[in-house]
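Chemist: Going left to right, the sequence shown walks through residues 6 to 98 as the working numbering numbers them. Note that CB positions come from ideal geometry on N, CA and C, so glycine has one too.
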Amino acid sequence: MLFGITLFIISNNGRQLRIGVPNRVSYRDFVSQEKGTDDLHGYCIDVFTATVALLPYAVPYKFVLFGDGLKNPNYNQLVYKVFSNTLMLQLGT
């Protein structure tokens with residue numbers, strides 16, 4: 006499974022969704038960072054932003070890169086960050 010969709014209710018507390026994005030060496034067509042900038046692009050980013058744009062309410066979010074970009078990040082550590090509420094969800098492969 007490349008990605009899953011979870012429905013949830015956004016609280017009106019002004020907090021941004023913290024979305025973990027793996028800074029991978031491989032599969033850069035799914036998610037990658039533009040060198041020298043904070044801009045992210047790729048299939049998963051495009052699908053997420055298009056989905057958020059269709060919602061009838063605003064969803065503030067912030068992409069948080071996980072990994073150094075020199076080697077693939079540990080997926081279990083990324084999942085644990087979601088489990089421990091450091092991140093609210095994970096995007097990408």
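Taking 6 Å as the limit between beta carbons, can you name the residues of its chain near Met-93, skipping five residues before and five after?
Modeler: Looking up residue 93 in the sequence shown gives position 88. Excluding positions up to five away in sequence, the list reads Leu-22, Arg-23.
Chemist: Between which two residues does the alpha helix (DSSP H) containing Val-84 stretch?
Modeler: For the purposes of this step, residue 84 is taken as the residue at position 79 of the sequence shown. Here the alpha helix (DSSP H) through Val-84 covers 80-88.
Chemist: With a threshold of 7 Å on Cβ separation, who are the neighbours of Tyr-48 within its own chain once the five nearest residues in sequence on each side are excluded?
Modeler: On the sequence shown, position 43 is the one that residue 48 refers to. Result list for Tyr-48: Asp-34, Phe-35, in chain order.
Chemist: Using only the alpha-carbon positions, how far apart do Ser-89 and Asn-79 sit?
Modeler: For the purposes of this step, residue 89 is identified with residue 84 of the sequence shown, where counting begins at 1. For the purposes of this step, residue 79 is identified with residue 74 of the sequence shown, where counting begins at 1. Each residue's alpha carbon lies about 16 Å from the other.
Chemist: Using the C-alpha atoms, what's the distance from Pro-61 back to Phe-71?
Modeler: As a working mapping, residue 71 is identified with position 66 in the sequence shown. As a working mapping, residue 61 is identified with position 56 in the sequence shown. Going by the C-alpha atoms only, they are around 30 Å apart.
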